[in-house]
Every structure is written in C-alpha cells, then in structure tokens.
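Here's the structure we're looking at; comments come further down.
There are 2 protein chains.
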Amino acid sequence: MTMPDVWPAAAPSSGAAKATRPQKRSGKRRAEILDAAMSVFAERGYANGSLAEIAERAGMTHAGVLHHFGSKEQLLIALLEYRDEADVSTLEGRHAPEGAELLEHLIRTVERNEQRPGIIQAYSVLLGESVTDTHPARAFFTSRFEGLRTMVTTALAEATGRDPGESDIRAAANGIIGAMDGLQEQWLLDKQSVDMGAATRLLIRAVTEELRASPPDGRA
Amino acid sequence: MTMPDVWPAAAPSSGAAKATRPQKRSGKRRAEILDAAMSVFAERGYANGSLAEIAERAGMTHAGVLHHFGSKEQLLIALLEYRDEADVSTLEGRHAPEGAELLEHLIRTVERNEQRPGIIQAYSVLLGESVTDTHPARAFFTSRFEGLRTMVTTALAEATGRDPGESDIRAAANGIIGAMDGLQEQWLLDKQSVDMGAATRLLIRAVTEELRASPPDGRA
DNA sequence: CCTACCGATCGGTAGG
DNA sequence: CCTACCGATCGGTAGG
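Here the protein sequences come in this chain order: A and B.
Each residue of the first sequence is one higher than the last, beginning at 1457 in the working numbering.
Each residue of the second sequence is one higher than the last, beginning at 1457 in the working numbering.
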C-alpha cells in the first residue's frame, strides 16, 4: 500500500481485464467471480453476502466459487488485493505525486469516486465491518490507513514547510483522511445532500492555510 | 434528532437505568437486553450478531429476547432509540448549544468518546452496515445526518458571520461531520496512532478561520 | 420467560 | 466446475 489512489479510486476493472486474452490459470473466470463478489458485498456486506449469490452472478454454483478461492475468507482477501492492483495500474507510468500535488490528487480521486457508487459502497461496508472482532479485512484496512497517514502527513509537511513530526501536522492528516471516509458514508446515505469533492477541497485548503499561518509547535 | 450529542456521546446507561426502581412494564429487563445487544452488535455487527448470543449475555434464551422485542429488526430499532434517549438526557436541563458553543461541544464530545470504545464501535459498525440494501438502520442514520448537517451549518454560519445558505458553509459542515465519523474508524483500527480530539479541534479551527477570511461567495 | 420445534440458509466437503 | 450432501446456525413460532 504505497499509492494514494488506493481502493475507492479504481477504474472499472472489467475493461482492462477482459480486453486481454485469458490470463494463465483461468484468470478471466476469477475476475468475473471477484466482480460478482464486490457487488454482492457492497449490497449485503461480507457477513451477510452469500457464496450462492456471488456464484449466481458469476454464472456457476457456490461450489465452483470455492473451487477457485478455497473459502469465503480467501475470496475476500483476494478481492482486496485485486482492487489494489487495479488502482495501482491506474497510476503506472506516472510518478507517485508528492507534496501539494498529492493533495490535489486526493481531491481528484474524491471527485472521480462520485462516479462509482458501487466501489465506494463496497469499500465503506467492508471498512465498517472490519472493526468487528476477528474480521478478515481488519489487517488490510489497518495497514492501508497506516500508509495513508504517512503519505498525507509527508505531503502536508512539504506543502506547508512544516516538520512531519509535529503533532498538528499529523492531526491535520488524520482529519483529512477521516473526512474522506466519513463523507463517503454520508454521501451513500444521501447523495443529493453531500458534495464530497467540495467538502474535501475546502478542508484541504483550510488546513494548509492554517498550518502555514500558525507557529510550528508540538513535536510528538 | 435535534441534539448534537447524539449517539456516540452517551453516558454509560447502566448506572442511570439500574439505579432507579424497575420501570413500568419490566423496563429493567429490556434495558439489560439492549445493553447486551449493543455489545454483541459492536463485536459482530448486526447481520452477524445472533439473538442467541444477546440472550446469553442478558441471562435468558433467544425466545425470551423475542418475547420482549418481537423481532431482531425491532430490537435494533429499539436500540437506536434507546441510545438517543440516553444522549438526550445528558443534555437535559442545559440549553442546546449554538454557534461557536456548539462547535466546542462537538470537540468535547469527541474527546469523551475516546473513553467509550464500545459505544463507538457499535455506532461505526451499524453505520457501515446501514448503507447496504434494505438495512433497518438506514432511515435512522439518514435522518441523523440530516439533522447534524443543519445544526453544524447553522453553527458555522453564526460563528463566522456568514450565510448558512452558502455552499462553502455547507461543504465545511459536511467535512467536519465526515471527519468525526471517519476518525472513529481509524481510531478503532489503531487507537495509538489517532488522536480524534486533536484532529477535530484542528479541523474546526482551520475551517472557521478560513471561512472568516475568505469572501462570501457561493449561494446554493 | 422457557421448551421444543420449524423451515431456511449457510460455508464447506466428497467425489467425480 | 457440478451434484449431492453434511453439520451448524439462524430467526421466528407454538404453546404453555
């Protein structure tokens, strides 16, 4: 997890995956199952989403799904990795953005996400479930946030000329990341009342100006 | 839903509920079931939490739980209302805060929430699940956010001398509310790395200063 | 508030 | 990748 463009930022994967010839070891079937799994988990959640429904959308029986992924839990893990790969390929060839450029990239990502409610819903539902006891996606999200916090903290420090170790910088980074996730929940519940891009843009602008204006202070 | 102190802000209800004599119609048993339900839903989610486990923690069989609440869905609805009432009683006697005072109240609420991971986890898990299809808590959260957006927008407008109809004011309110929810997910996954209060405080300060400084602009 | 039971659904396995 | 099956668990009901 090193890209800022992680997960709720992927391009529709079907195009890239289906355009190529069948990958080694029936990768096409696997991709179809993963697409079906994402839509089912988005609509029902992981706990409540059944292998039978995933299988039906992928055109097979639930035993067929298990043949490909071994267990429901391994299917979820594969889905999380699959989405990550799709996102990384979006950035391939370009250099990973830094400083103010990364902050602008975050805003563009949020705006793009407004066009992909399905992916956002799957992400939000799985994130919400992930804090339950022994949830298989917990480690994924924990390390995702760890990476995001590092990236955004660094970018904010560079963009404002402050030290990344200052507590204000870290608080600001955590707040921006939190806002992006919380806005998705609000938006999914009432899309007309929430402009995720506008809110993110204003928050980032307000925070960077605040950090430029206030005196360097806290350290740990 | 008119209070800002809603839900992830309640005082431990057991004290108040158990101190009084049995309420009319076995309210004490109901409260014990509701407390058990909150802990089970926090740990397993609503979809994955079973009536049998709730019943066990409340010291009865699952048929007993159904005797009191009729169905699992009605138990959830009752739980959401029950938490709301506990929060409202916290504010009783005081006037509902407004303007800058409400913004300070939000920060205090976030700081207090850092002492009650169980309630925060139940809230976060149910919020995440609520965006799934036909989830019984969906209406609750939708109207909760509607109320919060109105309150925070009004408070921000009062605190900065701007018009509550401006798009910047609404974007700022949505961003602050979103940050509070998103920070909870981050915090639940890694409590040591996230200071919810510090992040909320910085965001509110940055946003209010930004709104005071920038020219009145957008209207709808 | 319990015992006893119901039909439905679940994830996973066997064996091909 | 399927048919057939397994044990387990689920929410809810009957009847007291």
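Even for Gly, the Cβ is constructed at its ideal location relative to N, Cα and C.
Under the three-state reduction of DSSP, TYR1538/B is assigned to helix. Taking a contact as a CB-CB distance under 8 Å, the pair GLU1666/A and ARG1657/B does not count as one, their CB atoms being some 11 Å apart.
When C-alpha distances from ARG1500/A are compared across LEU1582/B, GLY1515/B, SER1670/B, the shortest belongs to LEU1582/B.
Ranked by how close their Cα comes to the Cα of TRP1463/B, the residues ALA1503/B, HIS1551/B, SER1599/B have SER1599/B in first place. Between ALA1635/B and ALA1655/B, the beta carbon gap of about 7 Å places them in contact (Cβ cut-off 8 Å).
Straight through space, the alpha carbons of THR1588/A and ILE1489/B are spaced by roughly 20 Å.
For GLU1499/A, the chain B residues whose C-beta falls within less than 7 Å of its own C-beta are THR1588, ASP1589, listed in chain order. Comparing alpha-carbon positions, the option among GLU1585/B, ILE1563/B, GLN1642/B, ALA1669/B lying closest to GLU1602/A turns out to be GLN1642/B. In its chain, beyond the 5 residues on either side, GLU1529, LEU1532, ILE1533 have a beta carbon closer than 7 Å to the beta carbon of PRO1592/B. Inclusion of ALA1628/A and GLY1555/A in the CB contact set at 7 Å is not warranted, their separation being larger than that value. Nearest to ARG1626/B by alpha-carbon distance, out of ILE1633/A, GLY1526/A, ILE1576/A, LEU1659/A, is LEU1659/A. A straight-line Cα-Cα distance of about 19 Å links LEU1644/B and ALA1493/B. Using a CB distance cut-off of 7 Å, GLN1642/B counts as an interface residue toward chain A. Around the beta carbon of GLY1617/A, fewer than 16 other beta carbons lie within 10 angstroms, which makes this residue exposed. Proximity of GLN1577/A to chain B, defined by a Cβ-Cβ separation below 7 Å, is satisfied.
If you draw a straight line from the Cα of LEU1507/A to the Cα of LEU1562/A, it comes to about 34 Å. Under a criterion of Cβ atoms nearer than 8 Å, the residues of chain B adjacent to THR1656/A are, in order, GLY1631.
Judged by their CB atoms, LEU1536/B and PHE1596/B are nearer to each other than the 7 Å cut-off. Burial of ASP1624/B is indicated by the presence of at least 16 other C-beta atoms within 10 angstroms of its C-beta.
Residue environment: GLY1574/A is assigned as exposed (fewer than 16 neighbouring CB atoms within 10 Å of its CB, all protein chains considered). Only residues of its own chain outside the window of five on either side were considered, and among them ALA1615, THR1616 have a CB closer than 6 Å to the CB of THR1664/B, listed in chain order.
In this structure, the straight-line span from the alpha carbon of ASN1504/A to that of ALA1669/B is close to 48 Å.
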